[in-house]
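To keep things clear, I will list the structure first and then write my remarks on it.
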Amino acid sequence: MRDVTTAQDLAPSFEPQPTPLALLLLGREADPKSERGVDCPGDLPSPSDPDLVERARVAKEKLGDKVFVLGHHYQRDEVIQFADVTGDSFKLARDAAAKPEAEYIVFCGVHFMAESADILTGDDQKVVLPDLAAGCSMADMATAEQVAECWDVLTDAGIAEQVVPVSYMNSSADIKAFTGKHGGTICTSSNAKKALDWAFEQGEKVLFLPDQHLGRNTAVRDMGMSLEDCVLYNPHKPNGGLTDEELRAAKMILWRGHCSVHGRFSLDSVHDVRERIPGVNVLVHPECKHEVVAAADYVGSTEYIIKTLEAAPAGSKWAIGTELNLVRRLANRFAAEDKEVVFLDKTVCFCSTMNRIDLPHLVWALESLADGKLVNRIQVDKETESFAKLALERMLALP
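So the sequence shown is numbered by my numbering: it starts at 3 and just counts up by one.
Pasting the structure below:
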């Protein structure tokens, strides 16, 4: 039975202080042209409470080598400071698997990331998510029931045998298991083209889950397909909102899902920043909409964004289309090198589910583990793990 203590028990010792970034107000305006689910409610996180910082340090020191803390790039600074390693979701899951001596893997990210870590780590290792409410809106846009129904639609259209599923890392363990069971593979934003190249060697069509934008951008921008080669499957409409003829003609069947942060960047954002900052380089994540990616100067994964800025010359100017915490961290890091880094959109937005992993939750998780109480364990059932791992292994075998 899970301990009933919650992170809210730490609330009395957490006294938010005025943020020095008061000009970066969130939720004060909305973009009517953005996709649903991409509003930015709330203010920026408050600075770390010194008492909680010390408590986290003490608890982590007490646990020693028994704990390994993973911090996703989109986490806030107050959490990242306690991470043993940082990176994107798949890099962190692999880092966890490479640390078999750690009894506890504390994943400061979101639910699907912790699931992947559980799939790739040993049975004796326990993966902990400091706040179970830290989910992912994109991953939640494709449920196992919806995808099974989609496969029935493809079967009825007579094309299921021609279709190879390719699922983005940002998906639930259930979706990864479906992918493995049906002969498909997983991809990241770094290797999506390799995954699609492999898939088209296995079959004539791809069902790309759950991010339509990464699928469309990879197919059109990187593989030379046309927008007409892509159709959008809407799980909330009969037959996915498509005719059998449309499904038979398509090469890419894109799931109607998107990232709530990257989906808000618009073509107007790109035009506006070019007017405001002459000579700016626009660098965006491939989860952005196709017209944004087409108008950008550089496109790539989180790791690509970081490496591009590292290699950039002094005096260069960059507008970054990805999550706020990372952009702000990069801006601070490269300011000393005379590199100007700004957020692409004027309305500042961070990933609200990523930000659920705050210092109170991290302290509660670490102190509980230090006291011998296992909390918020993420555990994937064996059958799901088996098929999901098969899909992940296919990705690892990509050239």
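Note that CB positions come from ideal geometry on N, CA and C, so glycine has one too.
Neighbourhood of residue i by C-beta distance below 6 Å, restricted to the same chain and skipping five residues each side
i, result
"Ser388", "none"
"Ala104", "Phe70"
"Ala321", "Val275, Val282, Val284, Val344 and Leu346"
"Leu209", "Val165, Pro167 and Ile255"
"Ala61", "Leu368, Glu369 and Ala372"
Residue range of the unbroken alpha helix (DSSP H) whose run includes residue i
i, result
"Pro115", "The displayed chain sequence assigns Met, not Pro, to residue 115. Where Met115 is concerned, the enclosing alpha helix (DSSP H) stretches over His113 to Leu122."
"Met397", "Lys384 to Leu398"
"Leu94", "Ser91 to Ala99"
"Ala82", "Correcting the residue type first, residue 82 is Ile in the shown sequence and not Ala. Segment Asp79 to Ile82, the alpha helix (DSSP H) holding Ile82."
"Lys128", "Per DSSP, Lys128 belongs to no alpha helix (DSSP H); it is in the beta strand (DSSP E), Lys128 to Val130."
Cutoff 8 Å; reference residue i; Cβ partners in own chain excluding five residues on either side
i, result
"Val382", "Glu117, Asp120, Ile121, Ala175 and Ala390"
"Pro401", "Lys196"
Length of the line joining the Cα atoms of residue i and residue j
i, j, result
"Thr21", "Asp347", "The predicted position of Thr21 is uncertain, since its pLDDT is 30 and thus under 50; a value taken from the coordinates is nonetheless stated next. Whole-angstrom Cα-Cα distance: 21 Å."
"Gly186", "Ala197", "9 Å"
"Asn378", "Pro315", "44 Å"
"Thr145", "Gly242", "14 Å"
"Asp373", "Phe70", "16 Å"
"Leu131", "Lys319", "37 Å"
"Ala221", "Ser228", "8 Å"
"Ile255", "His238", "15 Å"
"Ala98", "Ile107", "7 Å"
"Lys64", "Asp360", "20 Å"
"Val149", "Ile177", "8 Å"
"Leu398", "Leu392", "10 Å"
For residue i, the first and last residue of its enclosing beta strand (DSSP E)
i, result
"Leu72", "Val69 to His74"
"Val263", "Element bounds for Val263: n/a, residue is neither H nor E."
"Leu234", "Cys232 to Tyr235"
"Val108", "Tyr106 to Cys110"
"Glu342", "Glu342 to Phe345"
Same chain, Cβ closer than 7 Å to residue i, five either side skipped, listed in chain order
i, result
"Leu216", "Tyr170, Ser191, Ala194, Pro288 and Glu289"
"Arg331", "Asp79"
"Leu269", "Glu293, Val294 and Ala297"
"Gly124", "Pro102"
"Leu236", "First, the amino acid is wrong: residue 236 is Asn here, not Leu. Same-chain partners within the cutoff: Gly242, Gly243 and Arg258."
"Gln204", "Val166 and Gly185"
"Phe336", "Leu311 and Val343"
"Phe84", "Ala58, Lys62, Val71 and Leu364"
"Arg358", "Asp133, Ala135 and Ala136"
Beta strand (DSSP E) runs wholly inside the region 268-338, at least 3 long, in chain order: 283-286 and 319-323
Can you list the alpha helix (DSSP H) stretches of 4 or more residues lying completely in the region 134-222, in chain order? 146-158, 175-183, 194-204 and 214-219
Segment contact, 8 Å Cβ cut-off, at least three pairs: the region 319-333 with the region 73-85: yes
May I ask you to verify whether the region 131-142 touches the region 153-167, counting CB pairs closer than 8 Å and requiring at least 3? no
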